[in-house]
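Protein chains in written order, with my numbering: chain C, 1 to 181; chain Y, 1001 to 1404.
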Amino acid sequence: MSQYNKIIFTGPVGAGKTTAIASLSDSAPVKTDARASDMTKERKASTTVALDYGIMNLPGGEKIHLYGTPGQERFDFMWDILTTGGIGLVLLMDNTRTDPFQDLKFFIGKFREFIDQTNLVIGVTQMDLSRHPPLEAYHSQVEALGLKSPIFEVDARSREDVSILIQALLYSLDPELEETP
Amino acid sequence: MSQKPSESPLRIAVLGMDSRTENLFRMFFRGPCQNRAMVVGSETPEATLIDLDVPQGAKLFEQHRSRYPQQPVILLSINPPAEADAHTILVKKPAQAQAMLAAITRTQELVAAVRQPRSAAQAEPSAEPEEAKPAMKVVTRPVANEGSAQRAASLLNEQVFKSYLGHRDDIDPQDPKQLATLFYNPREFLQGHVHSAWEVAVTRDLPTRLETPWRSISFFPDQRMIHVAADEAQLRAVCGIPFRNIVSMDVGMDGRQSLSNVKTITADEAKSLLESEHLVSLESFLWKIALLTSKGRIPDAVDPLRPIQLKRWPNMTRITLPPHAMRIAALLHDSPMTPFQAAQRLGIRQQYVFAFFSAAYALGLISQPAEGVRPATASTQPANPAAAEKVSLFKKILNRLKMS
Ligand SMILES: Nc1nc2c(ncn2[C@@H]2O[C@H](COP(=O)(O)OP(=O)(O)OP(=O)(O)O)[C@@H](O)[C@H]2O)c(=O)[nH]1
Ligand SMILES: [Mg+2]
């Protein structure tokens, strides 16, 4: 079995990581949400305190493991272990946050080594609630960090949106992947 | 059902037209056609007017014919079929008053001839008195029903793409003759009018309206939104033919009005339009009309023999994806190459690459790197077993994602 069998979802509190993994997962994802305390309290009722985990079953019995990091910075000690054997990074950004670009730099910084070895896609969520900043601004920020990546508007509740984002991740790793097995 | 011919106006039902076009015909009949015909609801029409060029036009006509084999039909088309059945009168668009008046006269004669009342539901072609002309052969384009068209709007597979936009054979880039067939001029289509209106809106930095005899389109530079009250099928139809032809169908205009007109919108109007359901993002609209207009051709300002590169990925979750869009985007984003090379690398028809290219070009996402940049040629085939294993895994994930 391939050792490359993980897709990592990361991003700030409330960006939609747990929801996105649930949209893709075959089995009910293991959530480790707890009632939000201190800083996350105002924004949402529950937050992920450990990891999100979901499975996509593939034909032939293989599995893809979907991991979501907790959104709160203090859990970042786990991130290195998590990325070993990862196929790529899905960064979800919440467009209603006060300074999404600060989040962007933070998460790209944390995962930079992993991104350089694999690939990055960015899904900007909650754009139905706030159109600003627009996707172009995200592109400029990412390019300023010396990266190029697919950046799409994503509603984490939509399986199709999340699926297109993952497809872009796989195709940017290898554009010549054919569409049939 | 029938009336004395030529004294009272011919009662015509219209099929497959939106209310705006229907209104135009009302005015057209009242004015240029001197009240010789009038548009009525479906209750008691003597004849039916059908626009064959709307996407479901051929199907509408066919259905109508099988239900009412003898009811006169006035069939409008830019390219009328060579032959029609005995109860069908062809009028070439742009419809001129003269041609329409002749069609009305002919229809009234038919109505008088088929005066014996006949239940419309009885479809017995064998009972028809007139057999002189062969039945019309309508070449039906396969049309997906609108329900699936809505879904297809976000993901056009090869089949739907073909039925909407047609098939284009691959061409030999070395052959100038073949190469020449590849180009279109966006300024001849609605696309060009939309692009210049958007530029005006951005320069003025104010909500702006493009008025055309087809419809008005409103631009909101702050929100980067566009308002146009047209559905998918109507957009396909208007993008499919040169804009001048569509405009001159509105005969009331008589060529006196310009094709389009750009005006500023009042704040109140803007507010109500911004709350309307027909609001779409600038990017998805420009992308879509470029795709529908290009049909796999490219703007004539572009040199397809030079390598191109995708500067940024478009917002793939909110646009109409032509076939293989993901792979084309990934490849062109990765390294510069000509569209011909891209099609070859991916093993797909050139038409799909050109369709994607034209849409991305309309959004300003394409760059042509300076001469001298060598296009990528080597294929990135997996070099070692581990990589091959990875590729096979990726394929499985893709299939799994596309399953539902
Ligand atoms: N309106 C809107 N809501 C969204 C969108 N994407 C996700 N949500 C909602 O946002 C909320 C937060 O999503 P979660 O999946 O809990 O976010 P998370 O990234 O796991 O958050 P943490 O675990 O706290 O880090 C949920 O209620 C989602 O349904 C979107 O695009 N628009
Ligand atoms: Mg969570």
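Cβ coordinates follow ideal geometry from the N, Cα and C atoms, glycine included.
Cβ distance (whole Å) where residue i is taken to contact residue j below 8 angstroms
i                  : j                  : result
Thr1264 of chain Y : Leu1332 of chain Y : Between Leu1332 of chain Y and Thr1264 of chain Y the Cβ distance is about 38 angstroms, and since that is not below 8 angstroms, they are no contact.
Thr125 of chain C  : Ala15 of chain C   : 6 angstroms
Val1238 of chain Y : Leu1190 of chain Y : 5 angstroms
Ala1360 of chain Y : Leu1310 of chain Y : 6 angstroms
Leu1075 of chain Y : Leu1052 of chain Y : 5 angstroms
Alpha-carbon spacing of residue i relative to residue j, whole angstroms
i                  : j                  : result
Gln1116 of chain Y : Trp1214 of chain Y : Caution applies to Gln1116 of chain Y, whose pLDDT of 45 falls short of 50 and renders its modelled position unreliable; the value that the coordinates give is listed next. Whole-angstrom Cα-Cα distance: 40 angstroms.
Asp1085 of chain Y : Asp1170 of chain Y : 37 angstroms
Ala1355 of chain Y : Gln1034 of chain Y : 45 angstroms
Thr1380 of chain Y : Thr118 of chain C  : Low local confidence applies: a pLDDT of 48 at Thr1380 of chain Y is under 50, so the model's placement there is unreliable, and no value is given.
Thr1088 of chain Y : Phe1340 of chain Y : 45 angstroms
Pro1045 of chain Y : Arg1011 of chain Y : 5 angstroms
Val1391 of chain Y : Pro175 of chain C  : 11 angstroms
Ala1144 of chain Y : Lys1059 of chain Y : Caution applies to Ala1144 of chain Y, whose pLDDT of 27 falls short of 50 and renders its modelled position unreliable; the value that the coordinates give is listed next. So the two alpha carbons sit approximately 11 angstroms from each other.
Pro1129 of chain Y : Ile1050 of chain Y : With a pLDDT of 33 at Pro1129 of chain Y, under the threshold of 50, the modelled position of that residue is not reliable, and the figure given next carries that caveat. Rounded to the nearest angstrom, the two C-alpha atoms are 24 angstroms apart.
Ile7 of chain C    : Ala1013 of chain Y : 58 angstroms
Pro954 of chain Y  : Gln1368 of chain Y : For chain Y, the structure presents residues 1001 to 1404; residue 954 of chain Y sits outside this window and is missing.
Leu1291 of chain Y : Leu1110 of chain Y : 43 angstroms
Ala1387 of chain Y : Asp1222 of chain Y : 47 angstroms
Gly1347 of chain Y : Ile1104 of chain Y : 53 angstroms
Met1038 of chain Y : Ser1008 of chain Y : 9 angstroms
Ile21 of chain C   : Glu160 of chain C  : 12 angstroms
His1227 of chain Y : Glu1389 of chain Y : 48 angstroms
Asn1079 of chain Y : Phe1183 of chain Y : 22 angstroms
Arg110 of chain C  : Leu147 of chain C  : Checking the sequence shown, residue 110 of chain C turns out to be Lys, not Arg. Lys110 of chain C and Leu147 of chain C: Cα-Cα distance of roughly 14 angstroms.
Val1073 of chain Y : Glu1062 of chain Y : 11 angstroms
Arg1256 of chain Y : Lys1271 of chain Y : Note that Arg1256 of chain Y scores 47 on pLDDT, short of 50, meaning its location in the model is unreliable; the coordinates nonetheless yield the value given after this. Arg1256 of chain Y and Lys1271 of chain Y: Cα-Cα distance of roughly 32 angstroms.
His65 of chain C   : Asn1157 of chain Y : 29 angstroms
Leu165 of chain C  : Tyr171 of chain C  : 10 angstroms
Ile1217 of chain Y : His1193 of chain Y : 10 angstroms
Ala1099 of chain Y : Val1091 of chain Y : 7 angstroms
Met1316 of chain Y : Ala1113 of chain Y : 57 angstroms
Gln1350 of chain Y : Gln1344 of chain Y : 8 angstroms
Gly1147 of chain Y : Asp1231 of chain Y : Below a pLDDT of 50, predicted positions are generally treated as unreliable, and Gly1147 of chain Y, at 29, falls in that range; the measurement from the model is reported next regardless. Near 12 angstroms, if we compare the C-alpha coordinates of Asp1231 of chain Y and Gly1147 of chain Y.
Tyr1352 of chain Y : Phe1161 of chain Y : 9 angstroms
Arg1030 of chain Y : Asp1175 of chain Y : 53 angstroms
Asp1300 of chain Y : Asn1185 of chain Y : 6 angstroms
Arg1236 of chain Y : Ser1358 of chain Y : 16 angstroms
Leu1101 of chain Y : Gly1016 of chain Y : 21 angstroms
Ile1397 of chain Y : Glu62 of chain C   : 10 angstroms
Ser25 of chain C   : Glu136 of chain C  : 30 angstroms
Ile1241 of chain Y : Leu1401 of chain Y : 37 angstroms
Ala1097 of chain Y : Pro1032 of chain Y : 6 angstroms
Lys17 of chain C   : Pro134 of chain C  : 20 angstroms
Leu1210 of chain Y : Leu129 of chain C  : 28 angstroms
Glu1269 of chain Y : Leu169 of chain C  : 42 angstroms
Lys1047 of chain Y : Lys1093 of chain Y : With the sequence shown as reference, residue 1047 of chain Y is identified as Ala, and Lys is not the correct amino acid for it. When rounded, the distance between both Cα atoms is 19 angstroms.
Asn95 of chain C   : Phe106 of chain C  : 15 angstroms
Asn67 of chain C   : Asn5 of chain C    : Just to set this straight, residue 67 of chain C is Tyr in the shown sequence, not Asn. Answer to the nearest angstrom: the Cα atoms are 10 angstroms apart.
Val162 of chain C  : Ile108 of chain C  : 19 angstroms
Gly1057 of chain Y : His1167 of chain Y : 20 angstroms
Leu1165 of chain Y : Arg1244 of chain Y : 20 angstroms
Counterpart residues of residue i in DSSP-defined beta bridges
i                  : result
Met1225 of chain Y : Y:Phe1220, Y:Ser1281
His65 of chain C   : C:Lys6, C:Ile55
Asn1261 of chain Y : Y:Glu1211
Ile1012 of chain Y : Y:Val1039, Y:Ala1047
Phe1183 of chain Y : Y:Ile1298
Lys1092 of chain Y : Y:Ser1077
Ile1366 of chain Y : Y:Leu1310
Gly184 of chain C  : Since the displayed chain C opens at 1 and closes at 181, residue 184 of chain C lies outside it and no answer follows.
Ile122 of chain C  : C:Leu91, C:Ile151
Leu1155 of chain Y : Y:Leu1321
Residue i: CB within 7 angstroms of a non-hydrogen atom of ligand 3
i                : result
Gly68 of chain C : Ligands in the displayed structure: ligand 1 and ligand 2; ligand 3 is not one of them.
Specify whether the segment 1264-1284 of chain Y and the segment 84-95 of chain C touch according to this definition: at least 3 beta carbon pairs, one from each stretch, less than 8 angstroms apart. no
Can you confirm whether the segment 1019-1031 of chain Y touches the segment 1195-1210 of chain Y when touching is taken to mean that 3 or more C-beta pairs between the two stretches lie within less than 8 angstroms? no
Measuring CB atoms only, is the segment 1292-1309 of chain Y touching the segment 140-147 of chain C, in the sense that at least three cross pairs come out at less than 8 angstroms? Touching, no, given that fewer than three Cβ pairs across the two stretches are closer than 8 angstroms.
Enumerated in chain order, which unbroken segments of the beta strand (DSSP E) with a length of 3 residues or greater are wholly contained in the segment 142-177 of chain C? 151-153
Spell out a yes or no on whether the segment 52-62 of chain C and the segment 102-119 of chain C are touching, meaning 3 or more CB-CB pairs, one atom from each, closer than 8 angstroms. No, the segment 52-62 of chain C does not touch the segment 102-119 of chain C.
Any chance you could list the alpha helix (DSSP H) runs of at least 4 consecutive residues sitting entirely within the segment 1276-1360 of chain Y, in chain order? 1282-1294, 1325-1334, 1339-1346
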